[in-house]
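Enquirer:
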Amino acid sequence: MTQGRRQARRAAAIAAVLLCLAGCTRQPDVVAVKPSNQAQAEIGRLAFFDASLSASGRVSCATCHSPDHAYGPPNGLAVQLGGPELKDYGTRAVPSLRYLRRTPIWFKTFTSNARERLTETDNVPVGGFTWDGRFNTLADQAAAPLLAANEMANPSAAAVVERLSKSAYAARFQDVFGQDVFAHPDAAFAALGQALQRFQLDDPSFQPYDSKFDLYLDGKVQLTAQEQRGLRLFKDRDGGNCAACHTVEPGANGAHPQLTDFSFAAIGVPRNPSIPANADPNYYDLGLCGPARSDQKAEQSYCGQFKTPTLRNVATRGAFFHNGRFHTLEEALRFYVERDTAPQKWYPHPGGKQQFDDLPEALQDNVDHINAPFTHRKGDKPVWSQADLRDVVAFLRTLNDGYTP
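Mapping of the sequence shown onto the working numbering: residues 111 to 515, in sequence order.
So, in structure tokens, the structure goes:
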């Protein structure tokens, strides 16, 4: 299948999903009150920064999703620490919460041709929140860290609501969602998720679109010669081919690009020994196949796939990919273009004979070998030189928010 057809299929799938968002996305059940969006968003803002909602009393949403770091982690750790005593390690890198508003619900798409269904490896799902897309609303996603044992570590929704009822803004929460809201823990917990969702959707700090690249698209600034070279390399289908998944072209009515097509991919990122869970040789994070997600285990071809993240603000990060395996942007890019040409650099086995050490051997064929730059062989010349890498990094830095001409 040609890349053009794959991109057209993905675009069609995403368009179909977006059309049904209003009707298909399950909304949380809340008490019979219709608060204004503004009132919900304000409650969401207060809750987002409230560490008292955690078992430790020291972790809020903003602890891992720092506004000063594009709502991503404030450090370069591969995974963050949480739990009742802040001693429990996570298993995945913390993503940014910026630019999530256009995320479609999780959706499978398959070719209509039966033969292609059996042979085509690019029939990938799209959408959903988190690395494995298991949540279809930000409200549902908000429940995960509140209840995760290695994050905010509450034992139940009722425990969260009990903490919420003692917060400094408890009375405001009642004014917004009903005076008896705390008498209904499940409804109150859903209302909290709804408020956190409203804050993330409505507060302009989550989608500022004020990077140098945004101003360039609006014709207000020019990219430097190096940044322009980096953009060309980024888009080159026979080179890095980054734009195949990290879209850079404006959308309908000139909408600025998200730098992701929301699709899933298995690219064989090396195992990260700094994640304590990986000390168990039988433990694998298989993305769509689990362990965090359980409803797609039967789809063996999905194992190892993770959602394509936006590259907006990527140059502000200190950990890259779902497992935080790399800690510099240049190193992450080098892995892309040298994964197959110099596997011995990335995988611990002698001579790089056994690649993809973070997947069981039976699932290693799921890794992408059909899209550039993953079509090369060991010993081939990488598609990018050292100078090219510097140029691409220069372009990616134009995606940082808060640019001042």
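We treat Cβ as the ideally placed atom computed from N, Cα and C, and that holds for glycine.
Owing to the predicted nature of the structure, the values given are computational and were not obtained by experimental measurement.
What I want to know is whether the C-beta of Asn433 ends up closer than 6 Å to one or more non-hydrogen atoms of the ligand MN.
Expert: This structure does not include the ligand MN; it has no bound ligands of any sort.
Enquirer: Nearest to Glu261 by CA position, among Tyr326, Ala188, Ser170 and Pro205, is which residue?
Expert: One-based indexing of the sequence shown puts residue 261 at position 151. Checked all of Tyr326, Ala188, Ser170 and Pro205; the closest Cα to Glu261 is Ser170.
Enquirer: From which residue to which residue does the alpha helix (DSSP H) around Pro173 run?
Expert: For this step, residue 173 is matched to residue 63 along the sequence shown. In the sequence on display, residue 173 carries Thr and not Pro. Start and end: Cys171 to Cys174.
Enquirer: To which residues of the same chain is Thr229 closer than 8 Å at the C-beta, ignoring the five residues directly before and after it?
Expert: Here residue 229 corresponds to residue number 119 of the sequence shown, with the count starting at 1. Bear in mind that a pLDDT of 46 at Thr229, under 50, signals an unreliable position, so the number given afterwards is only what the model happens to contain. Excluding its 5 nearest sequence neighbours in each direction, Thr229 has no C-beta neighbour in its own chain below 8 Å.
Enquirer: Under a three-way DSSP split, which group does Asp285 fall into?
Expert: Within the sequence shown, residue 285 is the residue found at index 175, counting from 1. Three-state result, Asp285: helix.
Enquirer: With a threshold of 6 Å on Cβ separation, who are the neighbours of Leu248 within its own chain once the five nearest residues in sequence on each side are excluded?
Expert: For the purposes of this step, residue 248 is identified with residue 138 of the sequence shown, where counting begins at 1. The answer, listed in chain order, is Gln307 and Gln310.
Enquirer: Roughly how many whole angstroms lie between the Cα atoms of Thr438 and Lys322?
Expert: Along the sequence shown, read from residue 1 onward, the residue named residue 438 stands at position 328. Along the sequence shown, read from residue 1 onward, the residue named residue 322 stands at position 212. In a straight line, the C-alpha of Thr438 is about 21 Å away from that of Lys322.
Enquirer: Hey, how far is the Cα of Lys345 from the Cα of His486?
Expert: Position 235 of the sequence shown holds residue 345. Position 376 of the sequence shown holds residue 486. Their backbone Cα atoms lie some 18 Å apart in a straight line.
Enquirer: Tell me the DSSP secondary structure of Val270 in three-state form.
Expert: As a working mapping, residue 270 is identified with position 160 in the sequence shown. Helix at Val270.
Enquirer: Straight-line CA distance for Leu128 to Pro214?
Expert: As a first step, residue 128 must be located in the sequence shown, where it is residue number 18. As a first step, residue 214 must be located in the sequence shown, where it is residue number 104. Any reading at Leu128 is ruled out, since the residue's pLDDT is 47, under 50, leaving its predicted position unreliable.
Enquirer: How close, in whole Å, do the beta carbons of Ala267 and Phe299 come, if the pair is a contact with beta carbons under 8 Å?
Expert: Counted from its first residue, the sequence shown places residue 267 at position 157. Counted from its first residue, the sequence shown places residue 299 at position 189. With a Cβ gap of about 4 Å, Ala267 and Phe299 count as contacting.
Enquirer: Where DSSP assigns a beta bridge to Gly397, which residues make up the other side?
Expert: Position 287 of the sequence shown, counting from 1, holds the residue named residue 397. Paired residues: Cys413 and Gln415.
Enquirer: Closest to Ala304 by C-alpha separation, out of Thr508, Arg449, Gln496 and Ala149, would be which residue?
Expert: Translated into the one-based positions of the sequence shown, residue 304 becomes position 194. The residue you asked about is not Ala; residue 304 is Gln in the sequence shown. Comparing Cα-Cα distances from Gln304 to each of Thr508, Arg449, Gln496 and Ala149, the minimum goes to Ala149.
Enquirer: Just how far apart, CA to CA, sit Phe436 and Gln190?
Expert: Residue numbering aside, residue 436 sits at position 326 when the sequence shown is read from its first letter. Residue numbering aside, residue 190 sits at position 80 when the sequence shown is read from its first letter. Looking at the two C-alpha atoms, the distance is approximately 15 Å.
Enquirer: Does DSSP put Leu421 in a helix, in a strand, or in coil?
Expert: Within the sequence shown, numbered from 1, the residue matching residue 421 stands at position 311. Here Leu421 sits in coil by DSSP.
Enquirer: Residue ranges of each alpha helix (DSSP H) run of no fewer than 4 residues wholly in the stretch 433-474, ordered along the chain?
Expert: Whole alpha helix (DSSP H) segments, 4+ residues: 439-448.
Enquirer: Output needed for Pro419: all residues of its chain with C-beta closer than 7 Å, excluding positions within five of it in sequence on either side, in chain order.
Expert: Taking the sequence shown and counting its residues from 1, one reaches residue 419 at position 309. Same-chain partners within the cutoff: Pro205 and Thr370.
Enquirer: Using a Cβ cut-off of 7 Å (strictly closer), state whether Arg449 contacts chain D.
Expert: Looking for chain D here will not work: only one protein chain is present.
Enquirer: Classify Phe430 as buried or exposed, calling it buried when 16 or more other Cβ atoms lie within 10 Å of its own Cβ.
Expert: Mapped onto the sequence shown, residue 430 falls at position 320. Per the 10 Å Cβ criterion, buried.
Enquirer: Does the Cβ-Cβ distance between Trp456 and Phe445 come in under 7 Å?
Expert: Working through the sequence shown from its first residue, we reach residue 456 at position 346. Working through the sequence shown from its first residue, we reach residue 445 at position 335. Yes, they are a contact pair.
Enquirer: To the nearest angstrom, how far is the alpha carbon of Cys130 from that of Trp216?
Expert: Taking the sequence shown and counting its residues from 1, the one referred to as residue 130 is at position 20. Taking the sequence shown and counting its residues from 1, the one referred to as residue 216 is at position 106. With a pLDDT of 43 at Cys130, under the threshold of 50, the predicted position of this residue should be treated as unreliable, though the coordinate-derived value follows. In a straight line, the C-alpha of Cys130 is about 12 Å away from that of Trp216.
Enquirer: Return the Cβ separation of Asp478 and Ile377 in integer angstroms, given the expectation that the two are a contact with Cβ distance under 8 Å.
Expert: Mapped onto the sequence shown, residue 478 falls at position 368. Mapped onto the sequence shown, residue 377 falls at position 267. Contact holds; Cβ gap of about 6 Å.
Enquirer: List the residues that DSSP assigns as beta-bridge partners of Gly192.
Expert: Counted from its first residue, the sequence shown places residue 192 at position 82. According to DSSP, Gly192 bridges with Asp198.
Enquirer: Mind checking whether Leu343 and Glu440 have CB atoms under 7 Å apart?
Expert: Position 233 of the sequence shown holds residue 343. Position 330 of the sequence shown holds residue 440. It is not a contact, given that the beta carbons lie outside the stated cut-off.
Enquirer: Starting from Val502, trace the alpha helix (DSSP H) both ways and give me its first and last residue.
Expert: On the sequence shown, residue 502 is found 392 positions in, with the first residue counted as 1. Gln496 to Arg507 is the extent of the alpha helix (DSSP H) around Val502.
Enquirer: Please work out which residues of its chain come closer than 8 Å, Cβ to Cβ, to Thr514, disregarding the five sequence neighbours upstream and downstream, and give them in chain order.
Expert: In the sequence shown, counting from the first residue as 1, residue 514 sits at position 404. So the list is empty, once near-sequence residues are dropped.
Enquirer: Could you name the residues that DSSP lists as bridge partners for Phe245?
Expert: Taking the first residue of the sequence shown as 1, we reach residue 245 at position 135. According to DSSP, Phe245 bridges with Phe239.
Enquirer: Just the Cα atoms here: how many angstroms apart are Gln410 and Cys352?
Expert: The count along the sequence shown starts at 1 and reaches residue 410 at position 300. The count along the sequence shown starts at 1 and reaches residue 352 at position 242. Cα to Cα, the separation comes out at about 26 Å.
Enquirer: Enumerate in chain order the residues of its own chain whose CB-to-CB distance from Thr201 is below 7 Å, with the five nearest sequence positions on each side excluded.
Expert: Taking the sequence shown and counting its residues from 1, the one referred to as residue 201 is at position 91. Val189, Ile385, Ala387 and Asp395.
Enquirer: Quick one: Cα of Leu256 to Cα of Lys417, how far?
Expert: Mapped onto the sequence shown, residue 256 falls at position 146. Mapped onto the sequence shown, residue 417 falls at position 307. Whole-angstrom Cα-Cα distance: 22 Å.
Enquirer: How many angstroms separate the CA atom of His179 from the CA atom of Gly434?
Expert: Position 69 of the sequence shown, counted from the start, is the residue given in the question as residue 179. Position 324 of the sequence shown, counted from the start, is the residue given in the question as residue 434. If you take the alpha carbons of His179 and Gly434, they lie about 16 Å apart.
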